[in-house]
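Count along the sequence shown starting at 1, add 1172, and that's the number in the numbering used here.
Cβ atoms here follow ideal geometry from the backbone N, Cα and C, with glycine treated the same way.
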Amino acid sequence: MSSFITGVDQRTSLAGMNRMELLLFTIKGSQLFGINVFKVREVIRTPFISPVPKSDSRVVGVADIRGQTMPMIDLAKALDLEPIPPEKYQQSLTIVTEFNSSIQGFLVEDVDRIIHLRWEDILPPPPTLQGVNYLTGITRAKKQIVEIVDVEKVLVEVSGVTNEVSDEFISQHNVDFEGQNFFIVAADDSVVARSQLKSVFEKIGLHYTILNNGKEALDFLLKLADEADSGGASIADRVLMVISDIEMPVMDGYTLTTSIRKDERLKDIFVVLNSSLSGGFNDSLTEKVGANVFISKWHSDELAQTIISQIEKHQK
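See below:
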């Protein structure tokens, strides 16, 4: 099954065109779930798993995969579905993933195929479900609904790491905000990521708005630009920076950045791409679409440092 993901690196050309590829799989029964191929290293038959005492119940143990030890997470149990019985581990598959600067395996029942989609084909979960589920998006394939799993939320809960800005960092970076009104526009489809961004902004002492996808963020910025055209404050005076996830329904972060750079009123905004996706292609695409910097998600001190550095430039 490792050949199933062969050629992932060749698919990076899809990024930047509001397109992506989704690996479809089943956890229990016929319901299809999905994960962005960019998060996937390979798909293998589940190897021998060694139990880990006192670990989170969703972590069924650790495995040695190609000389690398990694936690093995029963995705069914993480989603409050019926877990895979230990005696059936050998019959299951493992999706080896790399994101949030870590590598882990997710046990699933079966893998279906890879489908090619536009981000506008992916819808956010219904508003009534946002914040209480493990989905970042919903789409359709094979005439049925596909639920895109918020694996970032699963990993954060399992690891117990919140990655808030450290008190030590704040004590070492005393920024004078007196008379200033620094405002940040952020976009992220993950409930956990939005919560982290909110924590960073509030600990520094910033004004902000956090939206659910790139389209909402672009519409918000265009509204500010229209207000500026009508005699309001300029965008440069109102927005310190835009911080955007890359993977988002409707419009991804690459497309958002490209749209910002194409609009004469928005083109000078400082843009940070903040994503859990790993790989060197991020640096090249960050440059290609015109973003100012790429920061891996969950590195709160690094994000805070980028914000403070930009504030200091404005103050000078």
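- Between Ser1472 and Val1337, the beta carbon gap of about 5 Å places them in contact (Cβ cut-off 8 Å).
- Per DSSP, Val1443 lies in no alpha helix (DSSP H) segment; the continuous beta strand (DSSP E) that holds it begins and ends at Val1443 to Ser1447.
- Excluding sequence positions up to five before and after Asp1360, its CB lies within less than 6 Å of the CB of Arg1366 and Asp1417, all in the same chain and listed in chain order.
- In this structure, Pro1258 sits away from Val1283, with a CB-CB distance that is not shorter than 9 Å.
- Between the C-alpha atoms of Val1234 and Ser1468 there is a straight-line separation of about 25 Å.
- Sequence-distant partners of Asp1293 (beyond 5 residues in either direction) whose C-beta falls short of 7 Å from its own C-beta, in its chain, are Thr1311.
- Using a 10 angstroms sphere on the CB of Gly1206, the tally of other CB atoms reaches 16 or more, which defines it as buried.
- Around the beta carbon of Arg1238, a 10 Å sphere encloses fewer than 16 other beta carbons of the protein chains shown; the residue is thus reported as exposed.
- Annotation for Lys1211: Thr1269 and Phe1271 place their beta carbon closer than 6 Å to its own, counting only its chain and skipping 5 residues before and after.
- Counting only runs that start and end inside the segment 1358-1409, the beta strand (DSSP E) elements of at least 3 residues fall at 1379-1383.
- Contact between Asn1446 and Ile1415 holds: CB atoms are separated by about 5 Å, below the 8 Å threshold.
- Annotated three-state conformation of Thr1218 is coil, per DSSP.
- Assignment of Arg1213 by DSSP, reduced to helix, strand and coil, places it in the strand class.
- Where Gly1277 is concerned, there is no enclosing alpha helix (DSSP H), although the beta strand (DSSP E) around it starts and stops at Ser1274 to Val1280.
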